Amino acid sequence: MEDFYEIYNKKLLTPQKFLDFLSVVTWPLKAPVPGWSGVMQMVHEGEHPEKSGIVFLPMIDMNASDVSCIYSTMTFICSQARHYKVTPVLTFDQPLYWKAYTIIANEPQGSALKSVVLRLGPFHMEMSFLRCIGHVMKGFGLQEVLEIIYAPNAVTHMLSGKAVARATRGHMLEKSDDDDDDDHDDHDENDYAIDNNDDVDEVANKENRKQALINSTELYDRLLYGELSVEEVCEDPIVAETYTIFEKQMTAFENNRTARLWIQYSQMLEILRTFIKAERTGNWDLHLQSVYNMLPYFAAAGHNLYAKSAYVYLMTMHHLPAEHPEIFAAFQGGHHVLRRSDRYWAGLSTDLTIEQVLMRSIKTSGGMTRGRGMGETNELNG
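Following this line, the structure appears as structure tokens:
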């Protein structure tokens, strides 16, 4: 148990985090640039698994939440895995994950189901975390700010976690706007202090902050133009210096309750960005770290089922190297996500792939729900 906390409780300060920080703090000082996701896609390069192959298996004509359906699914997958001599890996959203976990836990030793590696659906976990953000920030003005850009009904769906892409985009815009306001406030306070000659040291500190931001922006420009790599930019001492200044400023702001609330909001968005990056790049360690960081917010927002399931999920994944070393090696190589295109920043959660491929094909014109219906022939050929 101590190893578990030692691994996931440490503060993750990686080049990826420095890059996220750089993209956020330099935004107010630059002309219009691509959003966070666009910038990450531009600058990230690396080895990755090839485009994934997706095959539909026969459908089971039962309620998906029925225990018999889950048991039948796992039994069928185990038989297929035994035929191909591989270890079966299954992904479920939270309600089905817990039922599947209970079934496997109650199976006798030697059962084929004991070989199943269960994963908690990352896409649905992201939806739950977006609901946590909406719950924590409810009544503090976030909804009103988002309604400046989006329609009120759309904002309701965004804060409830249902409109994932729109909610993510809205939160990223809100974070950028907060940083822009902070930068303008910093300039206003600087001018006021100079005019009144109140505190020379404070003025000097603000000038240092301003210069650090300018230097960081120059580095960021060189990154976007391809003159520097991500590693070169993130290892530059200017970025570390700017990050240290930023951390000190945030610590000073925590004395104010309102500022502390919005700092917490920024921290939640940092976790969200880390989680998305882990899925997009296929970074297994970053995925586990971001899930661990979500746990307190699941509990604070009353998402007790997700808090419990995510904790169990982390525990089982922690023992993966000893129990299923071949699956652990595959996950470390980026095979815990799928790719529908041959790009580095193109990883998709397995449960998101189901929504994009299977469910979309069902709902299109001529599909199962908008065509001739779902008969037994459609299900068997599905």
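At position 380 of the sequence shown the residue is numbered 380 (full-length UniProt numbering), and the sequence of numbers has no breaks. Each residue gets a CB set at the ideal place from its N, CA and C atoms; glycine is no exception. None of these values were measured; they are calculated from a predicted model.
Taking the C-beta atoms as reference points, M172 is found no nearer than 7 Å to R166.
For T26, the three-state secondary structure derived from DSSP is coil. With distances taken between CA atoms, Y313 lies nearest to V291 out of N304, K162 and V291. Boundaries of the beta strand (DSSP E) harbouring R119: V117 to L120, taken from the DSSP string. Using a C-beta cut-off of 8 Å, the region 91-111 makes no contact with the region 254-264, since fewer than three inter-stretch Cβ pairs fall below that distance. Between the alpha carbons of V233 and H44 lies a gap of roughly 12 Å. As DSSP reads the structure, T91 sits in a beta bridge with R119.
Taking L146 as the centre and dropping the five residues before and after it, the same chain places the C-beta of V155 and G170 closer than 6 Å to its C-beta, in chain order. Across the set L269, L338, E231 and I238, the C-alpha of E231 shows the shortest separation from the C-alpha of G46. In its chain, beyond the 5 residues on either side, P122, F123 and E279 have a beta carbon closer than 6 Å to the beta carbon of S349.
Burial state of R273 is buried, judged by a 10 Å Cβ sphere holding 16 or more other Cβ atoms.
Contact check for M62 against L113 fails: the beta carbons are separated by 7 Å or more.
Per the Cβ contact rule, the region 292-305 is in contact with the region 131-141 (3 or more Cβ pairs under 8 Å). Annotation note: the region 49-96 contains the following uninterrupted beta strand (DSSP E) runs of length 3 or greater, listed N- to C-terminal: 89-92. DSSP places L228 outside both helix and strand once states are collapsed to three, so it counts as coil. Taking the Cβ atoms as the reference, M42 lies roughly 15 Å from L219, outside the contact range of under 8 Å. Between N208 and T242, the alpha-carbon positions lie close to 9 Å from each other.
Per DSSP, the continuous alpha helix (DSSP H) segment holding W262 begins and ends at R257 to T281.
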